[in-house]
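Engineer: In this note's numbering, the protein residues as written are 55 to 262. Got a structure for you, written out below as structure tokens; questions coming shortly.
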């Protein structure tokens, strides 16, 4: 992320830069903002939507709830397909039999995600990559949108106090919205609340 953002700054000198992160991308964004504050300070504003702040809690929810298992199985099929497509590249680094035999996202992370990114285990990856511990250190104006009924994260894992106490972060937790949903309107008039609010926030902050 640092490389991409620095490239944008060099390509568009003097122009304000805003970033939007959805789901795991939102987690990566918040982690970058909070853990690498000095590198992130040139950003004008950010928005993070449906963030799995606590990856351990999210993995557990994907295993223990009906909705979680539905989504987990869907993502697992997609991830295994990508692993098969890249098996020649992955074979020297991971145990492909374990990767393709994974029954949960946690098992896939243990077999593939963790070793590919230099972590000894999925547990260590979850601990080091979660954004919840660093939200309090964000120093860029950031809007954080989340739904209490998000099937990827239990509501108690949302770091509400840290978001509310940090003057740089503005949080909104809606009762409904699912995961990157936030759909408004009836048939033929569908609108997406989160995207609208993200655009409005970035416009207001970057336009100052």
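For every residue, glycine included, the Cβ atom is placed at its ideal position computed from N, Cα and C.
In the DSSP assignment, the alpha helix (DSSP H) including residue 61 goes from what residue to what residue?
Structural biologist: Its alpha helix (DSSP H) spans residues 56-65.
Engineer: How do the region 148-168 and the region 59-66 stand: do at least 3 beta-carbon pairs fall below 8 angstroms, yes or no?
Structural biologist: Counting Cβ pairs under 8 angstroms, fewer than three are found: no touch.
Engineer: Please report the straight-line C-alpha distance between residue 138 and residue 107, rounded to a whole angstrom.
Structural biologist: Residue 138 and residue 107: Cα-Cα distance of roughly 29 angstroms.
Engineer: In terms of alpha-carbon separation, which member of 198, 154, 66, 69 lies closest to residue 76?
Structural biologist: Residue 76 has its Cα closest to that of 198, out of 198, 154, 66, 69.
Engineer: Quick check on DSSP: helix, strand or coil for residue 224?
Structural biologist: Looking at residue 224 - three-state DSSP - the assignment turns out to be strand.
Engineer: To the nearest angstrom, report how far apart residue 71 and residue 110 are at their CA atoms.
Structural biologist: Approximately 31 angstroms, taken between the alpha carbons.
Engineer: In this structure, does DSSP put residue 123 in helix, strand or coil?
Structural biologist: Three-state result, residue 123: helix.
Engineer: Is residue 245 helix, strand or coil by DSSP?
Structural biologist: The answer is strand: DSSP assigns residue 245 an E or B state.
Engineer: Helix, strand or coil: which one does DSSP assign to residue 116?
Structural biologist: Three-state DSSP puts residue 116 in a helix.
Engineer: If you drop the 5 nearest sequence neighbours on each side, which residues of the same chain put their C-beta closer than 7 angstroms to that of residue 141?
Structural biologist: Excluding sequence neighbours, residue 141 sits near 150.
Engineer: Buried or exposed for residue 233, please, with buried defined as at least 16 other CB atoms from any protein chain shown within 10 angstroms of its CB.
Structural biologist: That one is buried.
Engineer: In the DSSP output, which residue or residues are listed as bridge partners for residue 238?
Structural biologist: Looking at the DSSP assignment, residue 238 forms a beta bridge with 245.
Engineer: Please return the same chain residues whose Cβ sits closer than 7 angstroms to the Cβ of residue 112, not counting the five positions on each side in sequence.
Structural biologist: Contacts found: 106, 206, 207.
Engineer: Which term fits residue 132, buried or exposed, when burial requires 16 or more other beta carbons within 10 angstroms of its beta carbon?
Structural biologist: Its Cβ having fewer than 16 others within 10 Å, residue 132 is exposed.
Engineer: CB-CB under 6 angstroms to residue 134, same chain, minus the five flanking residues each way: which ones, in chain order?
Structural biologist: Once the five neighbours on either side are set aside, the close Cβ partners of residue 134 are 154.
Engineer: With a CB to CB cut of under 7 angstroms and the five nearest residues on each side skipped, what residues in its chain are close to residue 82?
Structural biologist: For residue 82, where only same-chain residues beyond five positions count, the Cβ hits under 7 angstroms are 55, 75.
Engineer: Could you give the DSSP three-state label for residue 103: helix, strand or coil?
Structural biologist: Of the three classes helix, strand and coil, the one that applies to residue 103 here is strand, per DSSP.
Engineer: Give every residue of the same chain whose Cβ lies closer than 8 angstroms to the Cβ of residue 177, excluding the five residues on either side of it in the sequence, and list them in chain order.
Structural biologist: Result list for residue 177: 110, in chain order.
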